[in-house]
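This report refers to the structure that appears directly beneath it.
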Amino acid sequence: MTAKYKKERLKPCPCCSGKAEWVELTTKEVWFWQISCACCGLATIPDEKKFYCLQRWNRRDYKYKINTGWMLVILFSLIFIVIAFSLGLATGAGMIK
Ligand SMILES: [Zn+2]
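Residue numbers (my numbering): 337 to 433.
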């Protein structure tokens, strides 16, 4: 189990692009896994299954990229609306005269 997931690449931290690393947490009987950023300490919630831990971490990075994309889309939409509105005012004012 360990060897299988060691090959899986951990994506860099979504906050600081720092190096992510595996953290082993043990209670009396259960082993928990957690992925933590070595730079800022951002971490996934501990999970018994290493696989889910990995999925969460890598999905977090993916989500972060999606959010950035949406923010750009919204930003460009706003700029477009402002330009369109200004042009509309300019042409509208021109027609009145
Ligand atoms: Zn970090």
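Positions of the beta carbon are idealized from the N, C-alpha and C atoms, including for glycine.
contact_flag[the region 345-356, the region 374-383] where n(CB pairs < 8 Å) is 3 or more: yes
Exposure of A339, with buried meaning 16 or more beta-carbon neighbours within 10 Å: For A339, the pLDDT reaches just 49, beneath the cut-off of 50, and the residue's location in the model is therefore unreliable, leaving the point undetermined.
Contact belief for L378 with C351 at Cβ below 8 Å, rounded distance in angstroms: 5 Å
First and last residue of the uninterrupted beta strand (DSSP E) at I371: 367-373
Within 8 Å, strictly: CB atoms of L361 and P382: yes
Backbone CA spacing between M337 and R392 [nearest angstrom]: Any reading at M337 is ruled out, since the residue's pLDDT is 46, under 50, leaving its predicted position unreliable.
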